[in-house]
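A.B. asks: Numbered continuously in full-length UniProt numbering, the sequence shown closes out at residue 72. Ideal placement from N, C-alpha and C gives every residue a C-beta, glycine not left out. Okay, handing you the structure first.
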Amino acid sequence: MVECHSGCRAIVRISWRSANPGQRFFCCPNTGYDCGFFMWVDTPMFNRASVDGLLKMKNNAEANLKAKTKEA
């Protein structure tokens with residue numbers, strides 16, 4: 001079990017930023033008061049380009065769907 005700086009059980013989230021897409025990290029579970037705790041769960045990804053490419057494809061597909069929905 002990993003605890004944040006405030007002593008709570010840290011939660012796991014997934015990064016979808018282009019710098020670290022798909023990487024899991026621990027953070028503070030408190031939404032009102034975030035103690036700033038952060039720690040990577042995974043080791044850095046060696047094939048990050050694949051995940052970044054998938055993220056770009058997802059974003060493009062969503063943009064295309066949104067454009068087609070507006071046309072209809």
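1. Tell me whether Met57 sits in a helix, a strand or coil according to DSSP, three-state version.
2. For the beta strand (DSSP E) that Arg13 lies in, which residues bound it at each end?
3. By Cβ distance, which residues of its chain are closer than 8 Å to Ser6, with the 5 residues on each side in sequence left out?
4. Whose C-beta lies closer than 7 Å to the C-beta of Trp40 among residues of the same chain, with five residues either side of it excluded?
5. Determine the extent of the beta strand (DSSP E) in which Gly38 is found, giving its start and end residues.
C.D. replies: Once the coordinates are examined:
1. For the purposes of this step, residue 57 is identified with residue 57 of the sequence shown, where counting begins at 1. Met57 falls in the helix class under three-state DSSP.
2. Sequence index remark: in the sequence shown, residue 13 carries index 13 (1-based). Counting along the chain, Arg13 sits inside the beta strand (DSSP E) bounded by residues 11–14.
3. Taking the sequence shown and counting its residues from 1, the one referred to as residue 6 is at position 6. If we look at Ser6 and ignore the five residues flanking it on each side, its Cβ neighbours are Cys28, Asn30, Tyr33, Cys35, Phe37.
4. In the sequence shown, residue 40 corresponds to position 40, counting from 1. Same-chain partners within the cutoff: Gln23, Phe25.
5. Position 38 of the sequence shown, counting from 1, holds the residue named residue 38. Sequence inspection shows Phe at residue 38; the Gly mentioned does not correspond to that position. 38–40 is the span of the beta strand (DSSP E), which, as asked, contains Phe38.
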